[in-house]
Amino acid sequence: MNITAQTNICIIVGDPVGHSFSPQMHNAAYEALRIDDQFIYVAAPVSPGELGDFVKGARAMHIKGITCTVPHKETIIQYLDSIDETAQKIGAVNTVVNENNVLKGYNTDWLGILHPLEKETSLAGKTVALLGSGGAARAAAYAVTSKGAKLMIYNRTLEKAQTLAKEFDAQAFSFDERDSVHQADIIINTTSMGLHPHESETPLPKEYITNKQIVFDVVYTGTGPTRLLEEAQIQGAKTISGIEMLLHQGFEQFRLFTGIDAPQEAMRMALMENLNKTDSYK
Ligand code: ATR
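Shown next, in the form of structure tokens:
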């Protein structure tokens, strides 16, 4: 252990937070780059009522970097000094950097969607079918429309899809109309279907998926592909796991906290080693 009185603290806060793999990913990266004397990454369960006090404490302790996860990504904004323009547009912050006790909020979740997709295809002119209208859907909507994709949003609560569609110049559909996803080049699932304890659920009958499509499931499991991705593979589609989103948002966050490019393989190995054997996440 190389921790000294000079070591910078980074921390993830959420409610709950115990399932997070961010500490293993970031600490493995510090070790790989031999900067584990300069940085350590820990976690703290912080309830919604405690968030304001937490930010005060983080300022007093000169915490270097904060990762916010559910349910703090929107509510933390009021306690920060400034917000990056992209995080503003998405309406959520998952990364806070402390520069000389000025706390600035960023969003790296959208890059967790964008970078894995761009490894497979260019987005300009493509049609994307987005399932869901929660926080993950907002990051996905920003990612694909920022690169010129046409967006179709499907949600169980139609009004939420309509609100999101207005903001991102997309078309809104009810969840019952999702047979039309066969027209899309890319399908992104951000609903909780497939998420622990609903591993047997899938948001789409497999007949709606074609071998010309890319299917990205933001949900991931420790044990293998989600049912959606398993069936997409059977249909001959290309698939992208939510593990990629977790990794790619983490790579960018690492760079914001340390100023150094992330050691991607070290972070990937740490995540794969630590993925829980039974649960699933998003
Ligand atoms: P996150 O912030 O992680 O995206 P969220 O805000 O809880 O999570 O959003 C969950 C999404 O999954 C919502 O779009 C939700 O639909 P509603 O807006 O109608 O609630 C969707 N969802 C959850 N369970 C679902 C189900 N059984 N069938 C269809 N959609 C579901």
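Counting from 1, one number per residue, gives the positions in the sequence shown under my numbering.
Cβ atoms here follow ideal geometry from the backbone N, Cα and C, with glycine treated the same way.
All values derive from a computational prediction rather than experimental measurement.
Test item: CB-CB of residue i and residue j under 8 angstroms
i      : j      : result
Ala143 : Leu130 : no
Asp109 : Gln249 : yes
Lys64  : Asn98  : yes
Lys150 : Val128 : yes
Ala44  : Pro23  : no
Tyr220 : Gly242 : yes
Met25  : Leu256 : no
Ser122 : Ile153 : no
Lys73  : Val96  : no
Leu51  : Ile90  : no
Ile12  : Ile40  : no
Asn107 : Ala87  : yes
Proximity to residue i [Cα-Cα], best of the options
i      : options                           : result
His115 : Tyr79, Ser174, Met245 and Asn211  : Met245
Phe21  : Ser200, Thr67, Thr210 and Asn2    : Thr67
Glu167 : Thr191, Ala28, Ala137 and Met269  : Ala137
Ser47  : Phe39, Met152, Val17 and Asp37    : Val17
Asp36  : Thr75, Asp185 and Ile3            : Ile3
Arg59  : Thr210, Asn27, Asn100 and Thr86   : Asn100
Thr223 : Leu158, Glu273 and Gln213         : Glu273
Ile214 : Ser200, Glu199 and Asn189         : Asn189
Val285 : Gly259, Gly105 and Leu247         : This structure leaves residue 285 out entirely; the chain is present only between 1 and 282.
Ser180 : Thr210, Leu195 and Thr191         : Thr210
Met1   : Asp15, Gly14, His19 and Gln38     : Gln38
Glu265 : Ser200, Gly49 and Leu33           : Leu33
Gln235 : Phe254, Asp217, Thr226 and Lys212 : Lys212
Glu120 : Asp185, Ile83, Thr226 and Gly135  : Asp185
Rounded C-alpha distance that separates residue i from residue j
i      : j      : result
Met193 : Arg156 : 12 angstroms
Lys238 : Gln171 : 24 angstroms
Ser174 : His182 : 15 angstroms
Asp261 : Gly57  : 28 angstroms
Met61  : Leu164 : 38 angstroms
Pro203 : Met269 : 29 angstroms
Lys206 : Leu228 : 8 angstroms
Ile187 : Ala29  : 31 angstroms
Ser283 : Glu85  : Here the chain has residues from 1 to 282 only, and residue 283 is not among them.
Glu252 : Glu118 : 15 angstroms
Val70  : Glu31  : 27 angstroms
Ala232 : His198 : 18 angstroms
Thr258 : Asp15  : 25 angstroms
Leu247 : Pro263 : 11 angstroms
Leu292 : Asp176 : The structure shown does not extend to residue 292, since the chain spans only 1 to 282, so no value can be given for it.
Where the alpha helix (DSSP H) containing residue i begins and where it ends
i      : result
Phe257 : Gly242 to Thr258
Asn27  : Ser22 to Ala32
Val144 : Gly135 to Ser146
Leu271 : Gln264 to Asn274
Boundaries of the beta strand (DSSP E) in which residue i is found, first to last residue
i      : result
Lys166 : No beta strand (DSSP E) holds Lys166; the alpha helix (DSSP H) holding it covers Leu158 to Glu167.
Ile11  : Asn8 to Gly14
Val42  : Phe39 to Pro45
Val128 : Thr127 to Leu131
Proximity test, residue i beta-carbon vs the ligand HEM heavy atom, cut-off 7 angstroms
i     : result
Ala87 : Ligands present in the displayed structure are limited to the ligand ATR, and the ligand HEM is not among them.
Subject >> Uninterrupted alpha helix (DSSP H) stretches inside the region 51–110 (no shorter than 4 residues) >> reply: The qualifying runs are 51–61 and 85–90.
Original post:
In chain order, which continuous runs of the alpha helix (DSSP H) of length 4 or greater are located wholly inside the region 154–242?
Top reply: Fully enclosed alpha helix (DSSP H) runs of 4 or longer: 158–167 and 227–234.
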